[in-house]
Each structure stands twice: as structure tokens, then as C-alpha cells.
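Some notes on the structure that comes next.
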Amino acid sequence: MFPRGYVFSHKDGQSEHLFQHILPHTVSQQQRIEAHLNIRNFIGLPMNVPRLIQSYQWNPAERPDVSLSPNGVKGSNRNFIGSPMNVPRLIPTCQWKPLEQPDVSLSPNEVKGSNRKRRRDIHSQNDLKRQRYGSPGPLNQPSGNANFTYNPATAPVTSREASSSYSSVPTCSSANSKLGGCVPSLREGSNQSTFPPSSVNDKLSQQILDLFHACEQQNDDLEKKEQCRAALQRDIQTIFPCAQVFLAGSSLNGFGSRSSDADLCLVIEEGLGNHTANAVYVLSRVQKLLYTLSYIERPQLIRAKVPILKFRDRVSGVEFDLNFNNTVGIRNTFLLRTYAYVEKRVRPIILVIKKWASHHCINDASRGTLSSYTLVLMVLHYLQTLPEPVIPCLQMDYPECFNPKMDIHLVPRRPSNIPAFVSKNQSSLGDLLLGFLRYYATVFKWDRHVISVREAKTLPKTNCREWRKFICVEEPFDRTNTARAVHEKVKFDAIKAEFAESYQVLQQRKDLNFILPLKNTRPKR
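Those letters in the sequence shown? Residues 3 to 527, per the numbering used here, in order.
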């Protein structure tokens, strides 16, 4: 491989002695052999060679513990040639060649010059792993929660470090930028602009609007929930690295009040084995983790048909419900959010109706009555089916924005450009509330109709098990019955009676205090 040259022997004491002083003890065997070959033409003139190993290049990759200085080598290692042969600087011009590193200076395209390819090659394995765990889909959305832009720490954070406080967690910033559509960014929109005069032209309408403004969720309420969500996601990723936590429900859909609890959805996208598919197993592990976090208190696992992990945030005082892999809840959150802002009258009407139902004890699915989600769908259905609709049918008009098979990370962004709906129906808030009560008290056929917001109409009940219930409200994405909790006739009769009684009272009095005391003076039944 190399031309024949002088070879050291045991008899060549002078050369061997010189070689021992030229090479430090840290040089590898391969480097010693190369030095033998490089020195072959200079043996015999050991005292008169100013550049003994001119072509030899020192590779610090073989000496990772040697730190570099601007002049080459730091400290005593700088002059690694000793002085026993009275050679003060035997190799003064030797060039120290560090391991070639990619140029980290960035250009407008983020990578400078020809090193772009090398930079990608160096990180290719990590990039593939990062893409596999965090890539949301073809649009290269951030790997954090789809609700908010999340910038994780560069180094892993242990549960002990994260549990002390979440004040350092990045606050939410919109991943759903408003580009001209009706849906505001995720940390905006709590305060709506002035309503048109036609919407608030009587006492009842003004009462509805006043109650709405007094109870609606504020931006700082949402910010507190988001901070806890981000901290919780960071901690859960210590046991499930590919997990993400989504804020859902009334906290994001626009129909929440200041006292509303927060719904969270834990999504684990990568397979961790069949045993982890069980929601109770996953939530049990999360529950054990929550006991170690100082900002969480009272974690309680509800082992129902749909298991829920309930806990409280010590910092904000907000109650949280965490479910596992309920991606339908994320999809309907942003469908309802679009309905909330496509027409200004929707949010006040729904918030007041939720307050009314809660006051009359017909708004608790755990006790066999209507869930808040079911109530919202009932209101939307009514507004869709008026002779002059107040709101459109979004799933029919914009099917690409609400595709039930869409990647879950794209769900928050797709409705951002939907324009506001201009309705010919200019009914006031009071008229719409009265019409809602009348519709379900006298018009809607509970025993024959299924409420469908997906198609903006009623569907006939079939004989299948899902629709053999007292109240049937179709879930817009998986098409199950959201009102299946109402399985007792006595509860069903109480719900119908409350609609009929409230309609009669409100029609006569035209005063919200008679069906929903604004000062909560009427006792609950």
C-alpha cells in the first residue's frame, strides 16, 4: 500500500528513542504505524529536521478529552513534543485538524452553503425518530398539542423537576390563526363585538345578553387551563413519550362559562402494545404519576364505560376530566366552535339554555338527564331547522373541513377560513329562546324523531338498539346517540315537563327571572 522505506528495528536505538519522544503515550497503535511511515525519509537526520512530520494531521476524534483553543491545543498538551532530545519545538508548524463540523451559521434558508446536506445527514436518524413520534401529518404542523403551539424543552424534564411549578411552561399561542374566517384564534374571541340592535330590542333579550357577558369564559380563564394542560402533557410524556394532551369541550368550543370544568383528551398515537390499549390501564398509570405532581390534587379514576380521570389544578382551582383516546371529542369541539362564531346570537342563547337546564336539574348525564353536549346539539338543530335558518349546516357546506377521517392534528386549523353566516332571520335573542322552548314542548316528536345536526333535519327512528331510547340525538361524527343516558321514563317525563312549563311561563311573563332567577332565588327541585 505504501512504498518501501525505512523500518524501525530494535537495533535502531536512536531512531526508536526519537520516535518515543515525538509521539505521546495517548497516540493509538494505528497512528504510531502511520508515523513510522511518514518519518521514513528523515531518519538519519534527527537533529537537523525542523519539520519532522510535516504531513501528519492530528485528529482530535481519537482524543475527545482534548479541548481546543484559538491557537490549537489547550494547556500543557499544546506542546506535546517533549525536550529530552534538546529539540525545543520539534513540530512547530503541525496543523491541528479538528473533526469537521457542519457550519452552524444560518442563512435565510436556515442552513448555510454546501454544508446543508451534511447537516441533514448528521441528524437524519434523529429526524426520522422525531417525525415518527411527533409529526402530525403532511402539513408539518408542530408536534405539540394541535390546540396550541407548544415548544418543549430541549432537554428531558423529569417529573420531580416539573412537579414544583408550571410557571415556566410556554403560554398558549394560536395554532389556528385567523385568516379572514369567522373563527377567532384559540386564545381570543371570548369577548364579542356589539350585537346588532335587532338582536337586543326587548327586556328579555337584554337579560340574556347581560347574563351571557357576566358568565362567559374570559381569556385568562382559558390561559390558566392551557398552562395546566401544557405542564401535564410534559409530565405524561415521561411515561408515554408519544402522548399528547388536548384541551376540548366547553373550554374551547365557545360555550363555556367562567365556572366550567375543563375536559382533556389524552391521545397516544404510536402503538405501545395491546395491553396499553385499555383506557383503565393507561389512566391508572397517569393517576400514579399525578400523585407525584405538586400542582395536582385529588386524582380520582372513574371506572365507567368511558373511564375518566378527575383531578384538580392547585394553581388555578380548575377541575379537570381526562379521558383516553376520545378523538371524537376533539373533532366535535371544533365543529361546535365554528357554530359558536359563525353567528353572534348562538353563544348567548346556548349559554343561557345551559344555565336554565342546570337550574332545573335536567343537565346531568350522570343522573340520567341531558349532558351539556346534547343540549348544545338540540339548540343548533333548532336554529338550523327554522323556516329561515339562523345557522347553516357546516358539515354539508364544508365537508372538507369536518371530515371524520381527517388527521387529528389538522382538526383545529381546518375551520379557520369559514366565513360568517349572513342569515335572513333577524329574530332577537328573546324570540329565539322562546322559540327553542316552544319547539321541544309542542313541535318536536320525541317518540319518532332523531335530532341530526349533521344533516340539519330530523331523521326517523329505526328499530336498532341505538335509537330505542327516549331521546335520540345523533353525534355528528360517529353517529351514536349522545342522549342515551336518559334511560328512565321518569327522567324523560321530567325533561319534557320542564320544557313545557318554562315555555308557558316565559311566553306570559317575557322575563328571564321567572324561569332562571338571575340572583338564584328559586330553589332547585
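Heads up, the beta-carbon is just placed ideally off N, CA and C, and yes, glycines get one too.
The structure presented is a predicted model; accordingly, all values stated were derived computationally and were not measured.
Residue i to residue j span [Cα, whole Å]
i: LEU508; j: ASP433; result: 10 Å
i: ASP223; j: ILE420; result: 26 Å
i: LEU388; j: SER296; result: 51 Å
i: HIS361; j: VAL445; result: 24 Å
i: PHE326; j: LYS307; result: 12 Å
i: THR460; j: ASP212; result: 33 Å
i: ASN221; j: VAL413; result: 21 Å
i: TYR441; j: HIS383; result: 11 Å
i: ALA216; j: GLY251; result: 20 Å
i: LEU483; j: CYS474; result: The identity of residue 483 in the sequence shown is Asn, whereas the question assumes Leu. Taking the straight line joining both Cα atoms gives about 6 Å.
i: VAL381; j: ILE352; result: 7 Å
i: THR196; j: VAL344; result: 15 Å
i: ASP409; j: SER187; result: 20 Å
i: GLU477; j: THR335; result: 12 Å
i: GLN510; j: ASP204; result: 14 Å
i: SER207; j: CYS363; result: 24 Å
i: LYS395; j: LEU337; result: Note on residue identity: the sequence assigns Cys, not Lys, to residue 395. Straight-line Cα distance between these residues: approximately 11 Å.
i: LEU285; j: ARG416; result: 30 Å
i: ILE517; j: GLY256; result: 24 Å
i: LEU303; j: LYS491; result: 30 Å
i: LYS512; j: ILE497; result: 21 Å
i: HIS277; j: VAL288; result: The predicted model places HIS277 with a pLDDT of 42, which falls under 50 and marks its position as unreliable; any figure quoted below should be read in that light. Their backbone Cα atoms lie some 15 Å apart in a straight line.
i: GLN386; j: LEU292; result: 43 Å
i: GLU402; j: GLY331; result: 18 Å
i: LEU274; j: LEU268; result: Per-residue confidence for LEU274 stands at a pLDDT of 45, beneath the threshold of 50, marking its modelled position as unreliable; the derived number appears in the next sentence. If I take the Cα positions, the gap works out to 14 Å.
i: PHE1; j: SER262; result: Outside the modelled stretch of the chain, which goes from 3 to 527, sits residue 1, for which no answer is possible.
i: CYS230; j: THR464; result: 44 Å
i: ALA499; j: ALA443; result: 8 Å
i: PHE479; j: ARG333; result: 8 Å
i: GLU457; j: ASP495; result: 27 Å
i: SER259; j: SER253; result: 8 Å
Span of the alpha helix (DSSP H), counted from its first residue to its last, around residue i
i: PRO350; result: 348-361
i: LEU234; result: 221-238
i: ALA342; result: 329-344
i: SER374; result: 374-386
Residue i - containing beta strand (DSSP E), residue span
i: CYS267; result: 264-270
i: LEU295; result: Neither: LEU295 is in no beta strand (DSSP E) and is coded neither H nor E.
i: ASN325; result: 321-326
i: LEU249; result: 245-250
For residue i, three-class secondary structure by DSSP
i: LEU303; result: strand
i: ARG316; result: coil
i: ASP212; result: helix
i: ASP495; result: helix
i: SER126; result: Because the pLDDT at SER126 is just 40, under 50, the model does not fix this residue reliably, and the point stays unresolved.
i: ASN280; result: coil
i: VAL288; result: helix
i: SER187; result: coil
i: LEU514; result: helix
i: VAL507; result: helix
i: PRO519; result: coil
i: ASN483; result: strand
i: GLU500; result: helix
i: SER200; result: helix
i: VAL253; result: A quick correction: the sequence has Ser, not Val, at residue 253. SER253: helix per DSSP, three-state reduction.
i: SER259; result: strand
Neighbour flag for residue i against chain C, beta carbons, 9 Å
i: ARG416; result: As a matter of chain content, chain C is missing from the structure shown, which is built from one protein chain.
Other residues of its chain near residue i: CB distance less than 7 Å, five sequence neighbours each side excluded
i: ALA200; result: Correcting the residue identity first, residue 200 is Ser in this sequence and not Ala. Hits under 7 Å: GLN428, SER430.
i: GLN239; result: ALA245
i: SER373; result: ALA367, THR484, ALA487
i: LEU377; result: ILE355, LYS356, ALA359, ASN365
i: VAL282; result: ARG305, PRO309
i: LYS290; result: none
i: PHE423; result: VAL344, GLU345, ILE393, PRO394
i: ARG347; result: SER201, VAL392, LEU431, LEU434
6 Å Cβ shell around residue i - same chain, five flanking residues per side excluded
i: GLU2; result: Residue coverage of the chain in this structure runs from 3 to 527, which leaves residue 2 outside it and unanswerable.
i: ARG369; result: none
i: LEU234; result: VAL247
i: SER318; result: LYS226
i: LYS426; result: GLU390
i: THR371; result: ILE364, LYS493
i: GLU321; result: ASP263, ARG314
Neighbourhood of residue i by C-beta, 8 Å cutoff - its chain only, sequence neighbours within 5 removed
i: PHE214; result: ARG349, PRO350, LEU353, VAL354
i: TRP469; result: VAL452, LYS463, ASN483
(request) Just list the beta strand (DSSP E) runs in the stretch 400-472, keeping only unbroken ones of 3 residues or longer that don't cross its boundaries, in chain order. (result) 451-454, 459-462
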